[in-house]
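2 protein chains.
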Amino acid sequence: MESFGQKVRKLRETKGLYLRQLAAILEIDQALLSKIERNERRAQRKQVEKIAQFFDVPQHELITSWLSDKVFYQIKDEEFAMDVLKEAEAKIKYGISE
Amino acid sequence: MESFGQKVRKLRETKGLYLRQLAAILEIDQALLSKIERNERRAQRKQVEKIAQFFDVPQHELITSWLSDKVFYQIKDEEFAMDVLKEAEAKIKYGISE
DNA sequence: CTTACATTTGACTAAAATAGTCAAGTCAAA
DNA sequence: TTTGACTTGACTATTTTAGTCAAATGTAAG
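Take a look at the structure:
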């Protein structure tokens, strides 16, 4: 399974770009991009969108990867992480009754 | 499907307690407890633990409810919310390769 | 009607979490 | 041993979120 950061790195390297170059395109510091690629910082939605656009990859693909990373890092150390996800699924499917 | 807040309200009402009373036990403002029960504010982990203890309900039950709420509110408006959860599951199951 | 009391609301502040920067540090290749 | 890509760490800025207080709402009783 590949993290969002790994996806970005792959895309960047496939195009033979340096951190510095992609960072410039995204208008962020290259140190930040480095951290994003190594999952040490989370990207912003706008940045994800720019990346998808630039590499011409479907937005929903990257957005999904990025969001699932966020969820993952939020609960990865929880003993019942899997139950949490199952319950979240049910809430999405059937909603929360008000 | 029941939200964390609803669970707490039920527990409280079952014991015939007022917001004010439970709030005192949790050492928070009753306005905050009111908001938590209506999912307008998220509780803190410590508070969740106290609630479980006080009402003598298994911690993991409330913690799971509370965490799944957090996940739910984070992605509920996403078009691909379900895919996000599935991918998060995969990341939990198989990990993210470093 | 009006008092009494539980709960909600809204606007605000405090605190915590997270994004972002800069300068120095690795590390490999030339 | 210099150069260039990337990483690291400590710091700051920004955003998000928790929390408070005082006033408002609703409702049941007197």
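Chain order of the listed sequences is G and C.
No gaps in the numbering here: position 85 of the first sequence is 982 in my numbering, and each next residue is one more.
No gaps in the numbering here: position 30 of the second sequence is 927 in my numbering, and each next residue is one more.
All residues carry an ideal CB built from backbone N, CA and C; glycine is no exception.
It should be emphasised that the depicted structure is a prediction, and the values quoted were computed from it without experimental measurement.
Report task. List the endpoints of the continuous alpha helix (DSSP H) containing C/Asp966. Result -> Locating residue 966 of chain C in the second sequence gives position 69, counting from the first residue. Per DSSP, C/Asp966 belongs to the alpha helix (DSSP H) from 956-972.
Query raised in the report: With 16 other CB atoms within 10 Å as the buried threshold, where does C/Thr961 fall?
Result: Along the second sequence, one-based indexing puts residue 961 of chain C at 64. Result: buried.
Query raised in the report: If we cut at 7 Å on Cβ distances, does G/Leu914 have a partner in chain C?
Result: The sequence position of residue 914 of chain G within the first sequence is 17, counting from 1. With 7 Å as the cut-off, G/Leu914 does not count as an interface residue toward chain C.
Requested in this report: Taking C/Leu959 as the query, report the chain G residues whose CB atoms sit under 9 Å from its CB, ordered along the chain.
Outcome: Locating residue 959 of chain C in the second sequence gives position 62, where the first residue counts as 1. Going along chain G, no residue has its Cβ under 9 Å from C/Leu959, so there is no contact; the nearest lies around 11 Å.
Query raised in the report: Does any CB atom of chain C fall closer than 7 Å to the CB of G/Asp926?
Result: For the purposes of this step, residue 926 of chain G is taken as the residue at position 29 of the first sequence. No, G/Asp926 does not count as interfacial toward chain C.
Requested in this report: Starting from the Cα of C/Glu997, find the closest Cα among C/Ser900, C/Phe951, C/Lys904, C/Lys912 and give me that residue.
Outcome: Within the shown structure, residues of chain C are numbered from 898 to 995, placing residue 997 of chain C beyond reach of any answer.
Requested in this report: Kindly indicate which residue of C/Lys990, C/Ala920, C/Ala987, C/Asn936 has the alpha-carbon position closest to the one of C/Leu964.
Outcome: Here residue 964 of chain C is taken as the residue at index 67 of the second sequence, counted from 1. The shortest C-alpha separation from C/Leu964 is found at C/Asn936.
Report task. Keeping to the same chain, check which residues put their C-beta closer than 7 Å to that of G/Leu919; ignore five residues upstream and five downstream. Result -> By one-based count along the first sequence, residue 919 of chain G stands at place 22. Correct list, in chain order: Arg909, Leu930.
Query raised in the report: Could you give the distance in angstroms between the alpha-carbon of G/Gln922 and the alpha-carbon of G/Asp966?
Result: For this step, residue 922 of chain G is matched to residue 25 along the first sequence. For this step, residue 966 of chain G is matched to residue 69 along the first sequence. Here residue 922 of chain G turns out to be Ile, not Gln, going by the sequence shown. Roughly 23 Å separates the two Cα atoms.
Requested in this report: Please report the residue range of the alpha helix (DSSP H) in which C/Met979 lies.
Outcome: In the second sequence, the residue the question calls residue 979 of chain C occupies position 82. From DSSP, the alpha helix (DSSP H) with C/Met979 extends over 978-991.
Report task. For chain C, find out if any of its Cβ atoms is closer than 7 Å to the Cβ of G/Phe901; answer yes or no. Result -> Taking the first sequence and counting its residues from 1, the one referred to as residue 901 of chain G is at position 4. Not one chain C Cβ lies under 7 Å of G/Phe901.
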